[in-house]
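Structure first, commentary second.
2 protein chains.
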Amino acid sequence: MDTVKYILSEDKMPTAWYNIQADLPTSMPPVLNPGTGKQITAADLEPLFPKQLIEQEISQQPTFEIPDEVQSIYRQWRPTPLYRARRLEKALDTPAKIYYKYEGVSPAGSHKPNTAIPQAYYNKKAGVKRLTTETGVGQWGSSLSLAGAFFGLEIVVYMVKVSYRQKPYRRALMEAYGARVVASPSDETEAGRSILKEHPDSNGSLGIAISEAVEMAVQDEQTKYALGSVLNHVLLHQTVIGLEALAQLEMAGDYPDIIVGCTGGGSNFAGIAFPFLGAMLRGERDRRKFVAVEPAACPTLTKGKYTYDFGDTAHLTPLVKMHTLGSSFVPQGIHAGGLRYHGMSPLLSHIVNLGLIETKAYGQIDCFAAGLNFASTEGILPAPEANHAVKGAIDEALRCKEEGVSKTILFNLCGIAFGSTSSFKKMLDANSLFGS
Amino acid sequence: MDTVKYILSEDKMPTAWYNIQADLPTSMPPVLNPGTGKQITAADLEPLFPKQLIEQEISQQPTFEIPDEVQSIYRQWRPTPLYRARRLEKALDTPAKIYYKYEGVSPAGSHKPNTAIPQAYYNKKAGVKRLTTETGVGQWGSSLSLAGAFFGLEIVVYMVKVSYRQKPYRRALMEAYGARVVASPSDETEAGRSILKEHPDSNGSLGIAISEAVEMAVQDEQTKYALGSVLNHVLLHQTVIGLEALAQLEMAGDYPDIIVGCTGGGSNFAGIAFPFLGAMLRGERDRRKFVAVEPAACPTLTKGKYTYDFGDTAHLTPLVKMHTLGSSFVPQGIHAGGLRYHGMSPLLSHIVNLGLIETKAYGQIDCFAAGLNFASTEGILPAPEANHAVKGAIDEALRCKEEGVSKTILFNLCGIAFGSTSSFKKMLDANSLFGS
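So the sequences go chain by chain: A and B.
With positions in the first sequence counted from 1, the corresponding number in the working numbering is that position plus 1113.
With positions in the second sequence counted from 1, the corresponding number in the working numbering is that position plus 1113.
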């Protein structure tokens, strides 16, 4: 069956990121200083981030120009392809049309370089020498390491211990790019040491790894911190995904009724969804269905509370209002390490709270089964995180079949599983996906 | 620094493969039946291959049309990008221009689907139900498994035992596509059992795995055999790489002086080189330099004999004239498993013997160092096999620097290392690449 691929010519690549804050009916709740209870200022964030990223973090302006240097590096793999999943549609025997945006073509195999590159660029411009960060399975860590190699920045990655053990190959990729990778919790930081004292066998968590990276960043003037999701400027950078998809669907003469993505910290979901959500908020399009899919083992949006909480375990970050399972929550060691975060992007949480987005949680076995279905029809083995989006899209397509309606579904295939096939291997060995 | 990428529009994709046999000054030596010593006929090959592939194997016609169904699947990832390696050039401080064709964007991460798809297509058309094959690290096995999933063919892969152990993730990918993967030598075949009897701890080799796959194929009418390199029709299919590169370099207003590829069975090298070599043979271009790079641990072209030998260890194949280290040669377990073959494509061997191609062998440490240099400048971590081509290209660029000449170098980056970063991990652990 025909491959249907929509390639955007380079001259149609987005030249600005989209800031959904400009179109929201109500503003986000303020970020608070935990000491004073007062709203934090730009100056409070300066030990962590360069000024241009802080401006993007707090601004309400509708777009930010993508710097030429960033556009030039984006062009190495962007525009990414948009595919119509015809073989999957046929296998499901659904009247729905399924499109997917494929971010796995980046050198690091995921959407994460979309924000790693501009973050490294702005830091380099500000004279920063070293960036610290956290990573789950290493998709973010490898992307920031790549960006560090391009811009000549030293990168230190605190990698969640369970993933450090499960994914030695991702660690090797980061090291190949020249980064230093530390299993978290580590004894390099106060935060790490205090966790290890209480829980010497701790598997780690993104919350703990963030504490370690932040602690190291604030101690040194030439060192700043980079986060791979959650923050407004990260979500801003990822909108390049949805902006491209908009243009590609226009080429296809189509527009999605349902937009699906997986959520850990919220950035890939926001990247695909916000440009379409913005068109709806501005009244250019009717109401559309947006579905955020998360793992049942870390059900932040579906079971978390929408309240003020810390972004990290050691309480070094400001207080943000978000859906949270509590900053001390340590999820099970599921394979979708990128989705194992106790909190959620405050911007996305706010939008969920406005009733604009539906949320779903699935168990990992169901998600892996969906990923295998996708691999054998479309040929691409999704990363464990992306399996959640695949599962969400398949469920919507099956609902269309039940209801006998032909809707257009768009989902973000945020990463490929080359670096994570260990997960499939383990699932296969456990024999939990394959019956007789 | 600017990313320089040349994207071929889909309407300029090659619609026919190029058969270099039409342009050679002398024909290849005949393939012989080992029993009778006589030239084999098309009929002799029918237990193994469908008729259309046999026709491509023995024909002298200059081109073969690419079937629409194959073109349609190619379009999922083709045309692949051609890049100018500006950051690498700068790091080497060379006056040379370095271009690379990047085949790692295929769903299996390498050039192998270029031939897996048409092989599965012709077999399916001929009513075949099952294909057997061998694989080294699994790049070929995963590509044929992918093609099997697309065309509804059962795939059985005999995987060289050392790689089966080193690369469990590649095995998982094949299984995710629905293939059955067997560590070779196995006790499923006479060939495997006889090796195990003599060498119970055998690491396996491509020659042994070929014997097992061939043995299984000839025993069943509905089963045929597929080979991932070496044969004329495989090299034919891979010429899509060089044909695209020709068109992309024309866009760049450039033409290579030096063409570099790595060689295991010869197919990715032939894929990039033959269209350029053909232009030279037809007198359309002056003499160019072609460099085939192989591992020092399996120096087939540089140290092998050009003589009649078997393609497999159990001597089930016909006799072919090729560069060979002997059909019982079992190379060390180097990481570039795809380059661990005792023989070489007879077509490429013939061309080397005609003096048209230079050959080089490098140790794996030097190749990994080149790969790391490439990763930190260009951002892509090459597969261990592709490291050899990178090393060859870097050496040519450094020679240009020494001689103060600006030549144009083209090399084939045949695969990405996502599935093989285990290798880098091991090199890193051994600490043999990283000094103070």
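Glycine included, every Cβ here is placed at the ideal spot set by N, Cα and C.
Item, Value
"Between which residues of its own chain and Gly1484(A) is the CB-CB distance below 6 Å, once the five residues before and five after are set aside?", "Pro1495, Asn1500, Val1503"
"Considering only residues of the same chain and omitting the five flanking positions on each side of Tyr1131(A), which have a CB-CB separation below 8 Å?", "Pro1175, Thr1176, Leu1349, Thr1352, Gly1355, Leu1356, Phe1387, Pro1388, Gly1391"
"Taking 8 Å as the CB-CB cut-off, is Arg1188(B) touching chain A?", "yes"
"Looking at the C-beta of Asp1206(A), does it have a partner C-beta in chain B at a distance below 8 Å?", "no"
"Can you tell me which of the three DSSP states Thr1246(A) falls into?", "strand"
"Run through the DSSP bridge pairs and tell me what Ser1223(A) is partnered with.", "Gly1528(A)"
"Decide if Glu1288(B) is buried, meaning its Cβ has at least 16 other Cβ atoms within 10 Å, or exposed.", "buried"
"Are Met1141(A) and His1463(A) touching if we call contact CB-CB under 8 Å?", "yes"
"Would you say Ser1549(B) lies against chain A (beta-carbon separation less than 8 Å)?", "Only weak support exists for where Ser1549(B) lies, its pLDDT of 26 falling under 50; the coordinates are left without a value."
"Whose Cβ in chain A lies nearer than 7 Å to the Cβ of Thr1559(B)?", "For chain B, the structure presents residues 1114 to 1549; residue 1559(B) sits outside this window and is missing."
"Unbroken beta strand (DSSP E) runs of length 3 or more, entirely within the stretch 1365–1429 of chain B: which are they?", "1371–1375, 1402–1408, 1418–1423"
"Using a 10 Å radius around the Cβ and a threshold of 16 neighbouring Cβ atoms, would you call Met1435(A) buried or exposed?", "buried"
"Does the separation of the CB atoms of Val1117(B) and Arg1199(B) fall below 8 Å?", "yes"
"For chain A, is any of its Cβ atoms less than 8 Å away from the one on Asn1544(B)?", "Only weak support exists for where Asn1544(B) lies, its pLDDT of 44 falling under 50; the coordinates are left without a value."
"Assign Pro1226(B) to one of two classes, buried (16 or more other C-beta atoms within 10 Å of its C-beta) or exposed (fewer than that).", "buried"
"From this set, Val1518(A), Gly1417(A), Asn1381(A), Ile1372(A), which residue's C-alpha is nearest Arg1400(A)'s C-alpha?", "Ile1372(A)"
"Go ahead and pull the three-state DSSP assignment for His1350(B).", "helix"
"Please state whether DSSP places Ser1545(A) in a helix, a strand or coil.", "Its pLDDT being 45, under 50, Ser1545(A) is placed unreliably by the model, and the measurement read from it follows with that caveat. DSSP places Ser1545(A) in coil when its eight states are reduced to three."
"Just to confirm before moving on: does the CB-CB distance between Val1218(B) and Val1273(A) stay below 8 Å?", "no"
"Please report the straight-line C-alpha distance between Pro1369(A) and Val1295(B), rounded to a whole angstrom.", "44 Å"
"Mind checking Gln1081(A): buried by the 16 CB within 10 Å criterion, or exposed?", "Absent from the model: residue 1081(A). The displayed extent of chain A is 1114 to 1549, so no value can be given."
"Evaluate the contact criterion for the stretch 1321–1339 of chain A versus the stretch 1299–1311 of chain A: three or more CB pairs, one atom per stretch, below 8 Å.", "yes"
"Determine, using beta carbons only, whether Asn1316(B) and Gly1446(B) come nearer to each other than 8 Å.", "yes"
"Identify the continuous beta strand (DSSP E) that holds Thr1336(B) and give its terminal residues.", "1336–1338"
"Which residues of chain A have a Cβ atom closer than 7 Å to the Cβ of Ala1290(B), listed in chain order?", "The residue you asked about is not Ala; residue 1290(B) is Tyr in the sequence shown. The contacting residues are Ala1488, Ser1489."
"Helix or strand or just coil, what does DSSP make of Tyr1282(A)?", "helix"
"Which same chain residues, not among the five before or five after Ala1292(B), have their C-beta less than 6 Å away from its C-beta?", "Ser1258, Ile1268, Val1270"
"What three-state label does DSSP hand Met1435(B) in the structure shown?", "strand"
"Just to make sure I have the definition right: I need the residues of chain B whose C-beta is within less than 9 Å of the C-beta of Val1218(A). Which are they?", "Trp1190, Val1218"
"Using the rule of at least 16 other Cβ atoms within 10 Å of the residue's Cβ for burial, across every protein chain shown, is Lys1280(A) buried or exposed?", "buried"
"How about Leu1246(B) and Gly1341(B): are their beta carbons less than 8 Å apart?", "At residue 1246(B) the sequence reads Thr, which differs from the Leu that was named. The answer is yes: Cβ separation under 8 Å."
"Tell me which same chain residues have a C-beta within less than 8 Å of the C-beta of Pro1138(A), skipping the five on either side of it?", "Leu1394, Leu1467"
"Is the separation between the beta-carbon of Ser1318(A) and that of Thr1437(A) shorter than 8 Å?", "no"
"Kindly indicate if chain B contains any beta-carbon less than 8 Å away from that of Pro1494(A).", "The sequence as given places Leu at residue 1494(A); Pro does not occur at that position. By this cut-off, Leu1494(A) is an interface position."
"Taking Cβ positions, are Ile1470(A) and Phe1524(A) nearer each other than 8 Å?", "no"
"Nearest to Glu1178(B) by CA position, among Tyr1235(B), Lys1214(B), Pro1147(B), is which residue?", "Tyr1235(B)"
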